[in-house]
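A.B. asks: Take the sequence shown: its position 19, counted from the start at 1, is 12 in this note's numbering, and no numbers get skipped.
Cβ atoms here follow ideal geometry from the backbone N, Cα and C, with glycine treated the same way.
Mind looking over this structure? Questions follow.
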Amino acid sequence: MTQDELKTLVGHAALAYVPEGELIGVGTGSTVNKFIDALGASGKKIPGAVSSSVASTERLLALGIPVFDANEVGDLAVYIDGADEIDHAGHMIKGGGAALTREKIVAAQSRQFVCIADESKLVKALGKFPIPVEVIPMSAQHLCRRFISMGATATLRLKDGQPLVTDNGQHILDVAGLQLADPLAFETQVSQWPGVITVGVFAYQKAQVCLLATANGIKTLSF
Ligand code: 5RP
């Protein structure tokens, strides 16, 4: 099976976690796109979704699924999103698609986080994938130096030769070269640094379930 076929498989599998009649949270990325397409085709009756990015909002609306502002609604039944890496405790690295801040907000508003991923994303320890950190632009170089002093490298993410600007009007640093022995401690520490908006380590806001697409079908991990 190709990686694209695995993403389609797991996107469909996530439908089982969508309760009819309830609002859900929807993440961002190529795996979530498969879920959104499956949801649109499924005929499942939900009042709508809260979305974690402009891209996902546009895709949901194009399929006739209403999208609500996070402030208009209360708790969400479930949050469905992908990950760049997930470990055996449900901790994740997220933000490869630059949507990490809204992803963490919508995840926090949801009663359950269901991560959908292909098996290449499952790791023993987080950190091979560079950790995205959304930052206030004026803090970027100072924060790069702080990461370097931890033994990492930190690179300002570019798009078309210019700093990438997130949906929130901010910048992204990609931090490489760290193996996270304690993801929660790292998330807690970096979240306190002035200028950091969101660190793309989801340990406090970890997954409760991971649907992992493998060559032998869907494997369900519960944490
Ligand atoms: C976006 C994310 C995505 O969930 C993550 O990058 C995985 O994306 P994909 O499903 O395309 O591999 O965190 O900010």
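The ligand 5RP: which residues have Cβ under 5 Å from any of its heavy atoms, chain order?
C.D. replies: For the ligand 5RP, the selected residues are THR21, GLY22, SER23, THR24, GLY75, ASP77, LYS87, GLY88, GLY89, GLY90, ALA92.
A.B. asks: Looking at the structure shown, is ILE141 part of a helix, part of a strand, or coil, going by DSSP?
C.D. replies: In this structure, ILE141 counts as helix in the three-state DSSP scheme.
A.B. asks: Kindly indicate which three-state DSSP category GLU78 falls into: helix, strand or coil?
C.D. replies: DSSP places GLU78 in strand when its eight states are reduced to three.
A.B. asks: Identify which residue in PHE61, LYS212, GLN201, HIS5 has its Cα closest to the Cα of GLU112.
C.D. replies: Among PHE61, LYS212, GLN201, HIS5, the Cα nearest to that of GLU112 is on LYS212.
A.B. asks: Comparing alpha-carbon positions, which option in LEU204, TYR197, LEU16, LEU205 lies nearest HIS84?
C.D. replies: The option with the nearest alpha carbon to HIS84 is TYR197.
A.B. asks: What residue range does the alpha helix (DSSP H) around PRO176 cover?
C.D. replies: Taken as a continuous stretch (DSSP letters only), the alpha helix (DSSP H) holding PRO176 covers 176 to 184.
A.B. asks: Rounded to a whole number of angstroms, what is the C-alpha to C-alpha distance between GLN201 and ASP30?
C.D. replies: The straight-line gap from Cα to Cα measures roughly 23 Å.
A.B. asks: To the nearest angstrom, report how far apart GLY154 and LEU53 are at their CA atoms.
C.D. replies: For GLY154 and LEU53, the distance between alpha carbons rounds to 30 Å.
A.B. asks: Going by DSSP, what residues sit across from ASP111 in a beta bridge?
C.D. replies: In DSSP, ASP111 forms a bridge with ALA206.
A.B. asks: Do three or more CB pairs link the region 157 to 171 to the region 114 to 128 at distances below 8 Å?
C.D. replies: Output reads yes: the region 114 to 128 touches the region 157 to 171.
A.B. asks: Along the chain, where does the beta strand (DSSP E) that runs through ALA7 open and close?
C.D. replies: Taken as a continuous stretch (DSSP letters only), ALA7 belongs to no beta strand (DSSP E), as it is neither H nor E.
A.B. asks: Does the distance from the CB of ILE73 to the CB of GLY22 come in under 8 Å?
C.D. replies: It is not a contact, given that the beta carbons lie outside the stated cut-off.
A.B. asks: Short check: CB of LEU173 to CB of LEU214, under 8 Å?
C.D. replies: Result no, Cβ atoms of LEU173 and LEU214 do not sit closer than 8 Å.
A.B. asks: Can you name the start and end residues of the beta strand (DSSP E) that VAL168 belongs to?
C.D. replies: Run containing VAL168: 164 to 169, per the beta strand (DSSP E) assignment.
A.B. asks: Looking at C-alpha atoms only, which residue of ILE58, PHE140, SER44 is the closest neighbour of LEU32?
C.D. replies: Closest option to LEU32, Cα to Cα, is ILE58.
A.B. asks: Go to SER49, then tell me how far its alpha helix (DSSP H) extends in each direction, as first and last residue.
C.D. replies: Taken as a continuous stretch (DSSP letters only), the alpha helix (DSSP H) holding SER49 covers 47 to 55.
A.B. asks: For LYS27, count neighbouring Cβ atoms within 10 angstroms of its own Cβ and tell me buried if that reaches 16, exposed if not.
C.D. replies: The residue is buried, with at least 16 neighbouring Cβ atoms inside 10 Å.
A.B. asks: Could you tell me how far apart the beta carbons of ILE109 and VAL3 are, in whole angstroms, since I believe they sit closer than 8 Å?
C.D. replies: Rounded, the Cβ-Cβ distance is 5 Å, consistent with contact.
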